[in-house]
Structures are given as structure tokens and as C-alpha cells.
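Novice:
Residue numbers (this note's numbering), protein chains in the order written: chain L, 291 to 601; chain B, 291 to 601.
Given below as C-alpha cells:
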């Protein structure tokens, strides 16, 4: 590609806004489809403070969810949360051109299939983001630290599109790694997220060290990690059990912190329960793998949602 | 015993006040040791509304926790909650005479041993109360329904003291059954309480039907019940698995309700976590019985307590 490709960010929250800024810095045209932040971004663009400097930018086009596209993008980057009420297939439908590559920068496991099935002709690039960023108000994002991406073609492999996109992110100033087995990388990330995130919510927003230092807490986290490893293995993504020690050790080395799901919970935002935990338990059932610890946490969260009339 | 025996209630909350009233009706002298409700009860006695009529009474003596006894009672009935911060052995110490029979009307499993070990010469009577009652303000109790007791000598058997006490409760107007195996009865009661009570707290105060009707909820409750049955069997108290169906069916036949631990939680009162759940998990460990569902709920509750600086 000689001309820099066109990018459309669907769901420009903290993550989408940040990665859009990086691609803008790399020289791409970057547009955004917004819902609640439409007016703010239309008026003042996207404001981003970052250790990388001021990353604020004006998107080339600002669309409102429901607008008809002026053109379809080379890369459609989907950054909405994976929630039961959000129909991602419908959300991207108006913007999917024949050659549009669909890029997911989203959390969770088994979140690609639905989109791959709906758009079998469009290459799907799955990305993992290692980043600390938050939206502080409409159109305003605080990038705190990190930002590295790991990406690959779904379900596996690396193609020209992956290479081009990864290179653009690097040109924009962040780290980006390619992987032949992106699903495997998702499992590695979820080895941490699937136990810690939902557990922090059931524990009313507990931080990492509170969870580990509670009597029986570290053992519970380890038991949940072992269950994740068993499900991953049944899915064809074996992981070394030594990763459990590594994850625990690394978590203990960091200061106590509240993970993103704990923060969502404490701020009354919806949590990505199914993407991070429910899908793992569903896969476990399909493979007849017993996951009593994961299931107890999942059902407890469902009971809470039922109590609040949310399901 | 020709003369009616003397009774001392230690911990005259809803349960202690109610059963004191019944024994008062049966003609016993009934005194009470109080802490926070001392002044109110001293001034106006104990007020109890009940479907059985007005059960209000003046205790023969009203003591404050820490007073020295004028005499030791024939039956010391201990009704305080079983909580880590409450030293029950010390609490009853000043009132234990050589011939005093110690009576527990308290919830939970494995709650007798500590007292039996401390007072090996005093017969210990363990009671289960099937009652709906609550303390609405200092010295004021609302008895809503039920009231039946099941009692026996701890660790097993029925002696003269049990018979006499049970007969007094019957004379006072409630049902009272004797059992040769009171610990076995505790397990049967905990088959319901151990899953439902703590689960309702983790689920933020969910009622019975919300818990059962959540997707996966009934299965989770059943899994926890199976674990309770396994621990009970290892302890020498086998239960029929058919009790699980019975418990679920009976719960479904009742209107949705919030159990006592859910209400304690919602009203910011301490919960009897260890008595109802922690002790079961501890026994499971001792017998190497795997209880992943029970343990997940237990550790989650501990994480919450740690988060709130309560342990």
C-alpha cells in the first residue's frame, strides 16, 4: 500500500480513541463512529493526555451510530465492549466494504467467531491491547501507561493486512507484535483476566493484593487459573502450568491495583462478564471440563444481575 | 425437679428473648444477661408481639455483661451469634455453676465443641430453632412465625436435662422435639443454610427464588448441597441425596424470601460466616473432601471482609 490506508474506529472510548490517535500520527486518515460522545467530539475533537505527549486529534470524519457511510474503510477497528446488549455484527454492518479488514481490539475469549461467521469474506485481525487508559469525560481520554498490541489473523496466521497494520502502529509510536496464534495469546492474557477480573467484582471491587493476601485467596486464584488452563488445552491451546507461578509472582511485584472490571463495577458500568468468564465456562461445558470455581463466580455474578433486573 | 428450674438467657436478642418468654410462660424464673439492650430492658422489660399473643415479660433479674451473678442458673441458654469476635467461653464463664446445664440455641455446624471442651463437667444441650423473629428495637421483638425446637445432648443422646427442658418449652406453648443425634440434625438444617445463606450474601442479598431461577443457579445450589452431604458423610452423618430434591422443591413452593444471613448483610450486621460455611470447609479439609463451590463462596466472602478491613 503506497497511500496510507483509511481507518474507521467504531466505538471511540478510551481504547479506540487512543489507537486512533496512534494511527493518525502514523499518517492515516482516521474517522470515528460514535454514540454518546458524538457531540463532544464533533465540537472539540478527541483530547488525549499521554506520557507519549499530547495525542489530541480531529477525526477526518465523525459519524453518529446510524449514519450512512461516505466510504468504507480499509481497516475497521472495533473497540466497543463485548456486552450481551451490543450487537457487534449489526454495528459494523453499514461500514463493511468488500475489502474492509475487520480489526478487533477487545477483551475476552471466543469473541471473534460471531464476526468471522458474519463476514466470511473480510479478513479478521484480532488484537490484544496491553494498556492503561480511561475516558474521563465525553471525548476526553487519559492514557496512563503501556499500549503494546499483539495481533494476528483470526483464527490463525499472519497476512499482509496484519503486517501493514502492525507497522502503522509502530510508526505511530507504540509497540506491536505479530503472532501466528492469536487465540493462544488470548488464552494467555485470560489466564490472568478470567480469574482476577470477575473475582474482584464478586469481592466488591477488591484490589489485586487484597485478593491474593486473603486467607485462601491465592489458592482460589490458582485453582481458577488451573481451570482456565484445562479449558484452553481442551480447545487446542495448551499452556505451561509454570505460567501460574509467573502470573502470581508478577502480580505480587506490582503495587495493589483495581483491574478494569473492578473499576467498571465500582463505577456502575456494565462488565464484560461473558467475554471474560462466561465464554470460558461455556467452552468448558462443551468439552466436559469441570470448572467448579469459575462456575461459582459466574453464577454468582448472574444472580446479582438477576437481582438488579438486568437479566 | 419439683420446683421449676431457673433459667438464664445470655444474649437476649430476638431468639433469646422469645425462648425466654416461652419458659416464663411455663413458670420458670427467667433472667437475662444483656449488653446493648440493658437499659431498655431494665426500664420496660422485654416486649414481644407474636401470633401466640402478647409474650412480653419482665425478667426476674436483668444483668449487664460483666456483672457478678447472684446465683448460677439450672439452665444457661446461650443465644448470641457465633462470630469470630465473640468469645462464648468467656461470656458464660461467670454464670456457670457446678450443676448448670449449658444450652445452645445457635446456628451453624461444629459450634459446640469449643464449649464442651471448656466445660466438660456441665451437660451441654444443643438446640436448633426453626423460627422467624427479629429484634425491631432495644428490648422489642417481633415473632413472626414458627418456633419449633429440636434438641439433644451434645455430642449425642438424650438425658434428664433435655427431657425436662423440652417439656418446659412444650408447656410454654411451642413444639419441641428430642433427638438422639443432634449433630445429625444440624447437618440436615445446614444442608439448606450452608448453600443458601452465604450465596445470598455474595449475590448482594438475593432472595431464594432469584437464586434458584438464575441460569445455573439451581445447579450451583445443588452442587453446594452435594458437597455438604459429602462432608457430613465423612464426619459420620450420612444424609440421603434425596434431601436435595426435597430442599429445592420446598424452597420453590415458598414465596421468594431473603434468608436471615441476607438480611444481616443488607442491614450491615455481621454474618455468621464461619459457623455456617467456614466450619464446613474446615471439616472438608480435615477429611480431604473437595468442596470447590463452597470454598469459592467462602474465600470471596473473606476477600470482601478483607477489603472492608474486617479481617
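Ideal Cβ placement from N, Cα and C applies to all residues, glycine included. Note that the structure is predicted; figures quoted are calculated from it, not measured.
Would you identify the three-state DSSP class for residue 304 (chain L), choosing helix, strand or coil?
Specialist: It is helical.
Novice: Does residue 597 (chain B) have its Cβ less than 7 angstroms from a Cβ in chain L?
Specialist: Closer than 7 angstroms: yes.
Novice: Does the ligand ATP have even one heavy atom less than 6 angstroms from the beta-carbon of residue 405 (chain L)?
Specialist: Annotation note on the ligand ATP: not contained in the displayed structure, which lists no ligands.
Novice: Could you round the C-beta distance between residue 546 (chain B) and residue 499 (chain B) to whole angstroms and report it? I think they count as a contact, below 8 angstroms.
Specialist: Contact holds; Cβ gap of about 4 angstroms.
Novice: Which same chain residues, not among the five before or five after residue 541 (chain B), have their C-beta less than 7 angstroms away from its C-beta?
Specialist: Taken in chain order, the residues that qualify are 498, 502.
Novice: Nearest-angstrom Cα distance between residue 376 (chain L) and residue 485 (chain B)?
Specialist: So the two alpha carbons sit approximately 34 angstroms from each other.
Novice: Kindly indicate which residue of L:478, L:319, L:566, L:554 has the alpha-carbon position closest to the one of residue 365 (chain L).
Specialist: The option with the nearest alpha carbon to residue 365 (chain L) is L:319.
Novice: Give a yes or no on whether the C-beta atoms belonging to residue 479 (chain B) and residue 418 (chain B) are separated by under 7 angstroms.
Specialist: Yes.
Novice: Closer than 7 angstroms, CB to CB, is residue 594 (chain L) near chain B or not?
Specialist: It does; some Cβ of chain B falls within 7 angstroms.
Novice: Rounded to whole angstroms, what is the Cα-Cα separation between residue 356 (chain B) and residue 571 (chain B)?
Specialist: Near 34 angstroms, if we compare the C-alpha coordinates of residue 571 (chain B) and residue 356 (chain B).
Novice: Taking residue 606 (chain L) and residue 488 (chain L) to be in contact with their CB atoms under 8 angstroms, please state how far apart those CB atoms are, rounded to whole angstroms.
Specialist: The question about residue 606 (chain L) has no answer, for chain L in this structure spans 291 to 601.
Novice: When burial is assigned at 16 or more other CB atoms within 10 Å of the CB, is residue 483 (chain L) buried or exposed?
Specialist: The residue is buried, with at least 16 neighbouring Cβ atoms inside 10 Å.
Novice: From the DSSP output, read off the bridge partner residues of residue 466 (chain B).
Specialist: DSSP output for residue 466 (chain B) lists B:439 as bridge partner(s).
Novice: So with Cβ pairs under 7 angstroms, would you call residue 375 (chain L) a contact of chain B?
Specialist: Taking Cβ atoms only, chain B never reaches closer than 7 angstroms to residue 375 (chain L), which makes this a no.
Novice: Roughly how many angstroms lie between the CA atoms of residue 584 (chain L) and residue 518 (chain L), to the nearest whole one?
Specialist: For residue 584 (chain L) and residue 518 (chain L), the distance between alpha carbons rounds to 8 angstroms.
Novice: Taking residue 436 (chain B) as the reference, give the member of B:368, B:422, B:339 with the closest Cα.
Specialist: Minimum Cα distance to residue 436 (chain B) is reached at B:422.
Novice: By a C-beta neighbour count over all protein chains shown, 10 Å radius and 16 as the cutoff for buried, is residue 526 (chain B) buried or exposed?
Specialist: Counting Cβ neighbours within 10 Å, residue 526 (chain B) comes out exposed, since fewer than 16 surround it.
Novice: Grab the span of the beta strand (DSSP E) containing residue 339 (chain L) for me, first residue to last.
Specialist: It spans 337-339 - the beta strand (DSSP E) in which residue 339 (chain L) sits, taken as one unbroken run.
Novice: Evaluate residue 358 (chain L) with the Cβ neighbour count: other Cβ atoms within 10 Å of its Cβ, from every protein chain shown; 16 or more gives buried, anything less gives exposed.
Specialist: The residue in question, residue 358 (chain L), is exposed, as its Cβ has fewer than 16 Cβ neighbours within 10 Å.
Novice: Answer with yes or no whether the minimum CB distance from residue 412 (chain B) to chain L is below 7 angstroms.
Specialist: Residue 412 (chain B) does not count as touching chain L.
Novice: Under the DSSP definition of a beta bridge, which residues are partnered with residue 396 (chain B)?
Specialist: Beta-bridge pairing links residue 396 (chain B) to no other residue.
Novice: Between residue 534 (chain L) and residue 510 (chain L), what straight-line distance do the alpha-carbon atoms span, to the nearest angstrom?
Specialist: Roughly 12 angstroms between the two C-alpha positions.
Novice: Beta-carbon within less than 6 angstroms of residue 607 (chain B)'s beta-carbon, same chain only, minus the 5 sequence neighbours each way: which residues are those?
Specialist: Here chain B has residues from 291 to 601 only, and residue 607 (chain B) is not among them.
Novice: Within the continuous beta strand (DSSP E) that includes residue 369 (chain L), where are the two ends?
Specialist: Where residue 369 (chain L) is concerned, there is no enclosing beta strand (DSSP E), given that its DSSP letter is neither H nor E.
Novice: Name, going along the chain, the residues of the segment 525-552 of chain L whose beta-carbon falls closer than 9 angstroms to a beta-carbon of chain B.
Specialist: Under the 9 angstroms Cβ criterion, the segment 525-552 of chain L contributes no residue.
Novice: What is the C-beta distance between residue 433 (chain L) and residue 340 (chain L), in whole angstroms, given that I count them as a contact (C-beta under 8 angstroms)?
Specialist: Confirmed, about 4 angstroms.
Novice: Using the rule of at least 16 other Cβ atoms within 10 Å of the residue's Cβ for burial, across every protein chain shown, is residue 317 (chain L) buried or exposed?
Specialist: Classification of residue 317 (chain L): exposed, given that the 10 Å Cβ count is below 16.
Novice: Residue 412 (chain B) to residue 296 (chain B), Cα distance in whole Å?
Specialist: Answer to the nearest angstrom: the Cα atoms are 16 angstroms apart.
Novice: Can you tell me whether residue 559 (chain L) is helix, strand or coil according to DSSP?
Specialist: Reduced to three states, the DSSP call for residue 559 (chain L) is coil.
Novice: Less than 7 angstroms between the beta carbons of residue 415 (chain B) and residue 372 (chain B), yes or no?
Specialist: No.
Novice: Using the beta-carbon count (16 or more within 10 Å), is residue 302 (chain L) buried or exposed?
Specialist: Its Cβ being crowded by 16 or more others within 10 Å, residue 302 (chain L) is buried.
Novice: Identify whether residue 479 (chain L) lies in helix, strand or coil by the three-state DSSP scheme.
Specialist: DSSP places residue 479 (chain L) in helix when its eight states are reduced to three.
Novice: Using beta carbons (cut-off 7 angstroms, strictly below), is residue 589 (chain L) in contact with chain B?
Specialist: Closer than 7 angstroms to some Cβ of chain B, the Cβ of residue 589 (chain L) qualifies, so yes.
Novice: Can you tell me which of the three DSSP states residue 583 (chain B) falls into?
Specialist: Residue state, collapsed to three classes: helix.
Novice: Give me the chain B residues within the contact set of residue 313 (chain L), using Cβ-Cβ distance strictly less than 8 angstroms, ordered along the chain.
Specialist: Within chain B, no residue comes near residue 313 (chain L); the closest Cβ sits about 40 angstroms away, beyond 8 angstroms.
Novice: So what does DSSP say about residue 432 (chain B), is it helix, strand or coil?
Specialist: Correct three-state label for residue 432 (chain B): strand.
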